[in-house]
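K.L.:
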Amino acid sequence: MIKIDREECIGCGECVEVCPVDALSLDSEEKAVVDEDTCTSCGLCISTCPTNAIETKIMARKGDTSQYSGVWVFGETNDGNLKEVGPQLLGKGRELASEFNDQLSAVVIGSDVKDAAAKCGNYGAEKVYMVEGEEFDQYKTLPFSFAMSQLISEFKPRVVLYGATHLGRDLAPSVAGRLGLGLTADCTGLSIKEEDGEKLLLQTRPAFGGNLIAEIVCPNTRPQMATVRPNVFSCPEETENSQPEIIEREVDLNPELFKVEILERLSGEEGEVGVEEADVVIAGGRGVGSEENFQLLEELADALDGVVGCSRPIVEDGWLSKAHQVGQSGKTVSPKLYIACGISGAIQHKVGIRDSDTIIAINKDPEAPIFDVADLSVVGDLHEVLPELLELLGGEDGS
Amino acid sequence: MDFLVFIKQVPDTDEVKVDEESGTIIREGVPSILNPFDEYALNLALRLKEGMEDEVNITAMSMGPPQAKDALKKCLAIGADRGILLSDKVFGGADTWATSFTLFKGVEKMGGADLYFSGQEATDGNTAQVGPELASHLNLSSMTYVEDVLDINPKEGYLTAKKETDEGFIKLKSELPVVLSCMTPPDFEPKIPGVKEIMKAKNKPLDTWNHDDLGGTEEEYGLEGSESQVISTYPPPSKGPGEKFEGPAEEGAEKIFALLKDEGVCDD
Numbered sequence: 389m390i391k392i393d394r395e396e397c398i399g400c401g402e403c404v405e406v407c408p409v410d411a412l413s414l415d416s417e418e419k420a421v422v423d424e425d426t427c428t429s430c431g432l433c434i435s436t437c438p439t440n441a442i443e444t445k446i447m448a449r450k451g452d453t454s455q456y457s458g459v460w461v462f463g464e465t466n467d468g469n470l471k472e473v474g475p476q477l478l479g480k481g482r483e484l485a486s487e488f489n490d491q492l493s494a495v496v497i498g499s500d501v502k503d504a505a506a507k508c509g510n511y512g513a514e515k516v517y518m519v520e521g522e523e524f525d526q527y528k529t530l531p532f533s534f535a536m537s538q539l540i541s542e543f544k545p546r547v548v549l550y551g552a553t554h555l556g557r558d559l560a561p562s563v564a565g566r567l568g569l570g571l572t573a574d575c576t577g578l579s580i581k582e583e584d585g586e587k588l589l590l591q592t593r594p595a596f597g598g599n600l601i602a603e604i605v606c607p608n609t610r611p612q613m614a615t616v617r618p619n620v621f622s623c624p625e626e627t628e629n630s631q632p633e634i635i636e637r638e639v640d641l642n643p644e645l646f647k648v649e650i651l652e653r654l655s656g657e658e659g660e661v662g663v664e665e666a667d668v669v670i671a672g673g674r675g676v677g678s679e680e681n682f683q684l685l686e687e688l689a690d691a692l693d694g695v696v697g698c699s700r701p702i703v704e705d706g707w708l709s710k711a712h713q714v715g716q717s718g719k720t721v722s723p724k725l726y727i728a729c730g731i732s733g734a735i736q737h738k739v740g741i742r743d744s745d746t747i748i749a750i751n752k753d754p755e756a757p758i759f760d761v762a763d764l765s766v767v768g769d770l771h772e773v774l775p776e777l778l779e780l781l782g783g784e785d786g787s
Numbered sequence: 003m004d005f006l007v008f009i010k011q012v013p014d015t016d017e018v019k020v021d022e023e024s025g026t027i028i029r030e031g032v033p034s035i036l037n038p039f040d041e042y043a044l045n046l047a048l049r050l051k052e053g054m055e056d057e058v059n060i061t062a063m064s065m066g067p068p069q070a071k072d073a074l075k076k077c078l079a080i081g082a083d084r085g086i087l088l089s090d091k092v093f094g095g096a097d098t099w100a101t102s103f104t105l106f107k108g109v110e111k112m113g114g115a116d117l118y119f120s121g122q123e124a125t126d127g128n129t130a131q132v133g134p135e136l137a138s139h140l141n142l143s144s145m146t147y148v149e150d151v152l153d154i155n156p157k158e159g160y161l162t163a164k165k166e167t168d169e170g171f172i173k174l175k176s177e178l179p180v181v182l183s184c185m186t187p188p189d190f191e192p193k194i195p196g197v198k199e200i201m202k203a204k205n206k207p208l209d210t211w212n213h214d215d216l217g218g219t220e221e222e223y224g225l226e227g228s229e230s231q232v233i234s235t236y237p238p239p240s241k242g243p244g245e246k247f248e249g250p251a252e253e254g255a256e257k258i259f260a261l262l263k264d265e266g267v268c269d270d
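Chains L and W are the protein sequences, given in the same order. Going by the working numbering, the first sequence opens with residue 389, and the numbers climb by one from there. Going by the working numbering, the second sequence opens with residue 3, and the numbers climb by one from there.
1. Along chain W, in chain order, which residues have C-beta atoms closer than 8 Å to that of cysteine 606 of chain L?
2. For chain L, check one thing: does any of its Cβ atoms lie closer than 8 Å to the Cβ of serine 144 of chain W?
3. Who are the near neighbours of glutamine 131 of chain W in its chain, counting only those whose CB is closer than 6 Å to its CB and skipping five residues on each side?
4. With a threshold of 8 Å between beta-carbons, can valine 92 of chain W be considered close to chain L, or not?
5. What's the C-alpha gap between glutamate 687 of chain L and glycine 697 of chain L?
6. Beta-carbon of tyrosine 223 of chain W versus every beta-carbon of chain L: anything under 8 Å?
7. Quick one: is serine 24 of chain W buried, meaning 16 or more other Cβ sit within 10 Å of its Cβ, or exposed?
8. Can you pull the chain W neighbours of alanine 689 of chain L, defined as C-beta to C-beta under 7 Å?
9. So, helix, strand or coil for asparagine 141 of chain W, using DSSP?
10. Beta-carbon within less than 7 Å of leucine 477 of chain L's beta-carbon, same chain only, minus the 5 sequence neighbours each way: which residues are those?
11. Counting only beta-carbon atoms, is serine 34 of chain W nearer than 8 Å to chain L?
12. What residues from the segment 142-174 of chain W come within 7 Å of chain L, judged by C-beta to C-beta, listed N to C?
13. What residue from L:Ser457, L:Asp425, L:Val739 and L:Asp503 has the CA that sits closest to proline 239 of chain W's CA?
14. Could you have a look at glycine 786 of chain L and say whether DSSP puts it in helix, strand or coil?
15. How many whole angstroms separate the CB atoms of isoleucine 670 of chain L and isoleucine 727 of chain L, which I take to be in contact at a CB cut-off of 8 Å?
16. Comparing C-alpha positions only, which one of L:Cys606, L:Tyr527, L:Val767 and L:Glu680 sits nearest to glycine 254 of chain W?
17. Any chance you could list the beta strand (DSSP E) runs of at least 3 consecutive residues sitting entirely within the segment 414-474 of chain L, in chain order?
18. Chain L beta carbons: is any one of them nearer than 8 Å to that of tyrosine 42 of chain W?
19. In the DSSP output, which residue or residues are listed as bridge partners for phenylalanine 5 of chain W?
20. In whole angstroms, give me the CA-to-CA distance for aspartate 500 of chain L and threonine 167 of chain W.
21. For the beta strand (DSSP E) holding lysine 173 of chain W, just list the boundary residues, first then last.
22. Using a Cβ cut-off of 9 Å, pull out every chain L residue sitting near cysteine 184 of chain W, in sequence order please.
23. Going by other Cβ atoms of all chains shown within 10 Å of its Cβ, with 16 needed for buried, is glutamine 538 of chain L buried or exposed?
24. Determine contact between the segment 428-447 of chain L and the segment 580-592 of chain L, defined as no fewer than three beta-carbon pairs at a distance below 8 Å.
25. I want to verify the contact list: residues of chain W whose CB lies under 7 Å from the CB of lysine 719 of chain L, in sequence order.
26. Evaluate valine 12 of chain W with the Cβ neighbour count: other Cβ atoms within 10 Å of its Cβ, from every protein chain shown; 16 or more gives buried, anything less gives exposed.
27. Under 9 Å Cβ-Cβ, which residues of chain L neighbour glutamine 11 of chain W?
28. Around the Cβ of glutamate 17 of chain W, are there at least 16 other Cβ atoms within 10 angstroms (buried) or fewer (exposed)?
29. For glutamate 52 of chain W, does the three-state DSSP call read helix, strand or coil?
30. Below 7 Å on C-beta distance, what does glutamine 455 of chain L contact in chain W?
31. Going by alpha carbons, who is nearest to aspartate 209 of chain W out of W:Glu158, W:Ile28 and W:Thr61?
32. Taking only beta-carbon positions, decide if glycine 786 of chain L is within less than 8 Å of chain W.
33. Find the residues of chain W that neighbour leucine 555 of chain L, judging by a C-beta separation of less than 9 Å, and give them in chain order.
34. Would alanine 96 of chain W count as contacting chain L if we go by Cβ distances under 8 Å?
35. Distance check for isoleucine 200 of chain W and alanine 341 of chain L, CA to CA, integer angstroms please.
36. Output the boundary residues of the beta strand (DSSP E) element that contains aspartate 90 of chain W.
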């Protein structure tokens, strides 16, 4: 929100002109006034005002909470393709919406996102709010957070969920900061808690490096917003031809919002290796011993149709790129099978693999903490166990 | 030029233990450290300062209890020129929203800076929200997951940076000022201050500002000013230990093979 100094305001109306959401007007005394419900705190009026009479006054948005209804999911896209976390959140969003007795909607923003919008319907969205334009071709914080804030101010959802991806963890706090909202990061659970007759979003997340689980509510501000880790919720089945109601909005972007320009994609960096999506992850830690020894893990990954992951020290030593890293500062994974080879199991690593269906750990140290979370712990030298295992698997192939 | 680096003192999460009964963190005996991401942000600011012709002043600012001064002293020893601690009982229990508001009031009192740095996240809360929320308060752009600043041009008022995205790294150009949330690169080696630097740091200004200094009503700060409320905490549910095998490698491999078949991961 913004604050206007009535003493300094000369009633020139420049701010009224520049405001993209028509939140400003001149009152009977020819002084600028702001409609707090409409203002998205974009800040354009601040830089326009010739007498510096306007300043940001970001305040928590504590209005009448009963005006807010609907569960929204931000449908993150890459090159126009809907990313997996969106459908996963729509699956969970459907459950929440039913309990709130609300509609489930998705939001897509981009340059060519009609297909992505339709796909959101296939995963359960009844409505899709769409903002389309060349200027949204690539993700940039200010234009996206401005568009999102404008949609939220107009349609007043009860809940907005984002994937806790790099993009989601950039966009959500920017929107929360702009609108003055409570926001809970990296949730691993969402449910409903009734408090004083009102149903609130109960958000569960790990804290203190995964040593503790915290339950959090945002009772006063609407919408209640959360980022949610990818792969925490499973993707619902896709239905065909759902034909959701598409609500398209034009968002008028002032050039002032383009403070950041993307110059280039940096080459030489390895792209995704897919540890997040893989059904089988074969991960190695310091116990693997050398860069060359990862060959063994590669072979096992090939045999089981999986991918190779690793713990943080392996990336620090430069044996594998960051794209392989599993754990709190890397990727959170939830494969059907996770085989940890020579990984001692720092808490940050354990947090990142907790949602795996089956965990097998191989480690020389019988006290290795990784064994606490493993379904099968094999105390032994991976350099002996893995060749034996490969032989068993190879024998299968041959038969 | 003024650089402002936001830092936080955190418990060393590798050493943290949980009281299983009360579901709270046992802080006693747990060492406090400078949040590693913030340490990288400060080192990045220092490296930029060294490469610039203009004179640069680096201020480290933190919100925290009185003992958080130790983390600021470390920053001064590493190379910051000034430390400011925002500390008051009223600031306690703050969520990211109230924290970013408090830091914003600190920035206002200080008179602003030309470039802002923070760590990508703190290792205790891991929210990664304070940087972007602070940028909103300051009406500035924010850039998260910044691994490096490649070039800074104060005369033309821009910088270029290397940022990690979900799809790999990109090079960005941003107007100044901007709030950078910095992501530690894997090969980062922190600068360890020597005795001389630690002694020199004792003469650098280290101020504490309280609620009276920052102004505003008490309700805007701390627990009262927080929009998210933690209603309970508990230790993570443990799966319960699975089967453990100790014996010859061959038998270990057979155990694994049997489980893989059970799970249907390999053909029966």
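A virtual CB, placed ideally from N, CA and C, is assigned to each residue, including glycine.
P.N.:
Based on what the coordinates show:
1. Ordered by position in chain W, the residues that pass the 8 Å Cβ test against cysteine 606 of chain L are Glu229, Ser230 and Gln231.
2. Under the Cβ distance rule, serine 144 of chain W counts among the residues neighbouring chain L, one pair being separated by less than 8 Å.
3. These residues qualify, in order along the chain: Thr98.
4. Closer than 8 Å: no.
5. Across the structure, glutamate 687 of chain L and glycine 697 of chain L are spaced so that their CA atoms are roughly 13 Å apart.
6. No - not a single Cβ of chain L is within 8 Å of the one on tyrosine 223 of chain W.
7. That one is exposed.
8. None at all; the shortest Cβ gap to chain W is about 12 Å.
9. Here asparagine 141 of chain W sits in coil by DSSP.
10. By the criterion of a C-beta distance shorter than 7 Å, leucine 477 of chain L is surrounded in its chain by Val461, Leu549, Gly551, Val616 and Phe621, once the five residues flanking it on both sides are discounted.
11. No, no contact with chain L.
12. Contact residues of the segment 142-174 of chain W toward chain L are Ser143, Ser144, Met145, Thr146, Tyr147, Thr162, Lys164, Glu166, Thr167, Asp168, Glu169, Gly170, Phe171, Ile172, Lys173 and Leu174 (C-beta to C-beta distance below 7 Å).
13. Nearest option by C-alpha distance: L:Val739.
14. Reliability of the predicted coordinates at glycine 786 of chain L is poor, the pLDDT of 42 falling under 50, and no value is obtained from them.
15. The Cβ separation is near 5 Å, so the contact holds.
16. It is L:Val767 whose Cα lies nearest to the Cα of glycine 254 of chain W.
17. If only uninterrupted beta strand (DSSP E) runs of at least 3 residues are considered, those enclosed by the segment 414-474 of chain L are 420-422, 442-444 and 459-462.
18. For tyrosine 42 of chain W, the answer is no, since every Cβ of chain L falls outside 8 Å of its Cβ.
19. Listed as beta-bridge partners of phenylalanine 5 of chain W by DSSP are W:Ile60 and W:Leu117.
20. If you take the alpha carbons of aspartate 500 of chain L and threonine 167 of chain W, they lie about 20 Å apart.
21. Looking at the DSSP string, the run of the beta strand (DSSP E) that includes lysine 173 of chain W is 170-177.
22. Within chain L, no residue comes near cysteine 184 of chain W; the closest Cβ sits about 13 Å away, beyond 9 Å.
23. Flag for glutamine 538 of chain L reads buried.
24. Contact fails: fewer than three Cβ-Cβ distances are below 8 Å.
25. The contacting residues do not exist; lysine 719 of chain L stays about 10 Å from chain W at best.
26. Counting C-beta atoms within 10 angstroms of its own C-beta, valine 12 of chain W has 16 or more neighbours from the protein chains shown and is therefore classed as buried.
27. Residues of chain L passing the Cβ test: none, with the nearest at roughly 14 Å.
28. By the 10 Å Cβ count, glutamate 17 of chain W comes out exposed.
29. In this structure, glutamate 52 of chain W counts as helix in the three-state DSSP scheme.
30. Going along chain W, no residue has its Cβ under 7 Å from glutamine 455 of chain L, so there is no contact; the nearest lies around 17 Å.
31. For the set W:Glu158, W:Ile28 and W:Thr61, the Cα lying nearest the Cα of aspartate 209 of chain W is the one of W:Thr61.
32. The predicted position of glycine 786 of chain L is uncertain, since its pLDDT is 42 and thus under 50; no value can be drawn from it.
33. Neighbours of leucine 555 of chain L on chain W, chain order: Thr167 and Asp168.
34. Closer than 8 Å: no.
35. Given that chain L is displayed from residue 389 to residue 787, the structure contains no residue 341 of chain L and the question cannot be resolved.
36. First-last for aspartate 90 of chain W: undefined, no H or E at that position.
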